[in-house]
Amino acid sequence: MAALSTLRSITGSAASSSRAPIAASISSVGSALPSSSYDTADSTASEKRHRGVTKNLKWSRKRKRGEKNEIVIDPNLRRAVAGDVVPFVTEMGVVLRQYAVLSNKRRREVSDHIKQKMFDDLVEKFNGIANQKENVFDHLKKMYRDWRHRLHLYYLRFESDENRLRKVPEFVADSDWAYLVEYFGSEEFKRMSARNKRNRAKQGAATIKGRTSFGKIRYAMRDPVSQAEPKMTDHWKATHIKSNGQWMDDRSKKVMVALENIELTQSQRGEPPLKPEEQMVEACGARSGYIRGLGGGPRPTSRKGAELREVYQRQVEELRGALKHQQQEAEEREQRLRQEAEECEHRLRVEAEEREHRLRLEFQAQLQAIMAHIPGLQHRDSTLPTSDVPNTGINTFLSINQMKVKLTILATLNVLRWIRGRCSIYSYQLRLRMLFYLP
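Structure, rendered in structure tokens:
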């Protein structure tokens with residue numbers, strides 16, 4: 001590599017080769033890199049002291065006592081949101097600088113065993129991350145990009161590659177820096193950098209929370225009982241309104257208006273509220289693997305996935321409409337059948353009462369006819385000559401005839417009861433058929 005050859009010629013055999021790859025936290029990634037003795041090759045300004053790279057020494061002494069910190073990583077926010085977040089993020093930076101190799105064009109070119117080594121190192125020091133490997137790698141990937149971005153800013157402070165190679169950043173290997181100097185000067189990187197700069201300028205919504213992640217803020221704003229997510233309007237106000245009540249910028253105010261319109265539209269339509277990710281995509285848009293306004297954790301759904309979800313929701317709505325129509329038809333049919341059953345039952349009851357009344361009249365007529373043909377019953381109270389009919393014979397004759405009449409009446413009553421029972425059974429069976437729609 002040409003840059004590496006130039007570096008060797010500049011530094012000679014006295015070049016430092018004992019730089020131990022010690023990492024720093026996300027704060028060190030975000031802060032200014034260690035300054036050289038001068039900013040440019042032609043600079044005559046005095047050397048300025050900087051804070052330097054964070055080594056997490058305070059927490060390292062605590063870990064020597066055998067203590068492991070607890071971390072909570074939310075699977076939806078994909079970031080550490082509770083526990084000892086600051087020591088965890090700081091140690092991630094340390095591990096990243098300890099194992100990561102900068103002489104790769106893309107982070108995905110880093111070998112799997114190096115990634116696994118970084119993760120194992122973190123698992124040995126923290127509880128609660130063993131099942132969050134993907135989310136930890138996602139956070140490390142962002143920190144890796146931020147680290148290279150800061151190195152690029154350091155690269156731009158010099159006017160020539162010779163001066164850049166002469167001042168290697170602290171805790172960066174000579175070979176890695178030589179590779180980056182050549183890569184930062186390539187046309188491919190310049191085009192990509194210009195594109196990213198344009199995309200970055202489109203965001204423009206400054207936040208008041210500084211280094212505090214949106215994921216941690218949203219987690220803290222959750223309902224303590226139901227763990228429900230805060231409304232996006234409340235989240236946006238908490239992160240973009242100053243203490244004096246003013247918005248950070250016009251972009252923040254426009255996004256707030258868009259979020260309020262989205263919530264109002266959903267409320268007027270009677271639809272369930274959209275997810276926070278969906279609201280921010282509608283209000284701010286999204287780019288590949290990132291949702292503006294929610295930080296680097298949540299990811300937008302792919303275009304294909306969104307189309308499939310839209311088709312699925314449309315089919316669900318159609319099925320719901322068809323089911324509601326079928327339920328209405330079933331209720332109307334049930335009401336119609338119930339009304340027909342009640343009318344039929346009433347008709348049968350009236351017919352049974354008429355039949356019973358008619359039978360009662362017929363029975364009374366037949367009873368009167370029977371009684372008319374029994375001698376002595378018509379004129380029970382008439383007097384007879386004592387000389388013609390003895391008193392004993394007449395009394396015996398009347399007792400026998402009265403017994404016959406009673407037996408006849410009892411038999412007729414039993415017949416009537418049987419007829420009435422049959423009518424009631426028929427009416428009951430018909431009622432059951434109409435109730436259960438039996439043929």
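According to full-length UniProt numbering, the sequence shown is numbered sequentially starting from 1. Using N, Cα and C, we set each Cβ at its ideal position, and we do this for glycine too. Small disclaimer: the values here were computed from a predicted structure and weren't measured.
Out of the options, which has the shortest C-alpha to C-alpha gap to residue i?
i	options	result
D74	R97, F363 and K133	K133
E278	A258, R269, G270 and Q268	A258
P276	Q268, I262 and Q368	I262
A80	I114, N135 and K254	N135
K68	L274, V123 and R145	V123
M280	R148, S252, G270 and Q268	S252
N414	R314, F363, G93 and E342	F363
R145	V110, E170 and L165	V110
L274	V316, K254 and P230	P230
K184	S160, N199, M232 and R198	The identity of residue 184 in the sequence shown is Phe, whereas the question assumes Lys. When only C-alpha atoms are compared, the closest one is S160.
N199	A411, L348, C284 and D223	C284
K105	K115, G93 and F189	F189
Going by DSSP, which residues form a beta bridge with residue i?
i	result
F126	N69
R79	D74
W247	I241
Where does residue i sit, in a helix, a strand or coil, going by DSSP?
i	result
F88	helix
V29	Unreliable placement is indicated for V29, whose pLDDT of 37 sits below 50; the coordinate value is still reported in the next sentence. DSSP places V29 in helix when its eight states are reduced to three.
E318	helix
P276	helix
G93	helix
R145	helix
L151	helix
S160	coil
M221	coil
L359	helix
V389	In this prediction, V389 has a pLDDT of 43, which is less than 50 and means its spatial position is unreliable; what the coordinates show is noted afterwards. Looking at V389 - three-state DSSP - the assignment turns out to be coil, as it is neither helix nor strand.
F171	coil
P34	Its pLDDT being 41, under 50, P34 is placed unreliably by the model, and the measurement read from it follows with that caveat. Looking at P34 - three-state DSSP - the assignment turns out to be coil, as it is neither helix nor strand.
N131	coil
L102	coil
Q339	helix
E353	helix
V110	coil
S267	helix
S193	helix
A372	helix
S229	Here the sequence assigns Glu to residue 229, which means Ser is not the residue at that position. In this structure, E229 counts as coil in the three-state DSSP scheme.
R252	For the sequence presented, residue 252 should be read as Ser rather than Arg. Of the three classes helix, strand and coil, the one that applies to S252 here is helix, per DSSP.
Assuming residue i contacts residue j under a Cβ cut-off of 8 Å, what Cβ separation, rounded to an integer in Å, is found between them?
i	j	result
V86	G128	Going by Cβ atoms, the distance from V86 to G128 rounds to 15 Å, so no, they are not a contact pair.
E91	G83	Incorrect: roughly 13 Å between the Cβ atoms, too far for contact.
F88	F137	At roughly 14 Å, the Cβ-Cβ gap does not stay under 8 Å, so F88 and F137 are not in contact.
R166	V181	Actually they do not touch by this definition, with Cβ atoms about 11 Å apart.
S103	Y179	4 Å
K254	M248	So it is not a contact: roughly 12 Å between Cβ atoms.
I409	L367	7 Å
Problem set entry | Inter-stretch contact at 8 Å, needing at least 3 Cβ pairs: the segment 169-177 / the segment 115-125 | no
For this session: Inspect the CB distances between the segment 233-244 and the segment 90-104 and report whether three or more fall short of 8 Å.
Result: no
Exercise. Any chance the segment 152-167 sits against the segment 183-200, with 3 or more Cβ pairs inside 8 Å?
Worked result: yes
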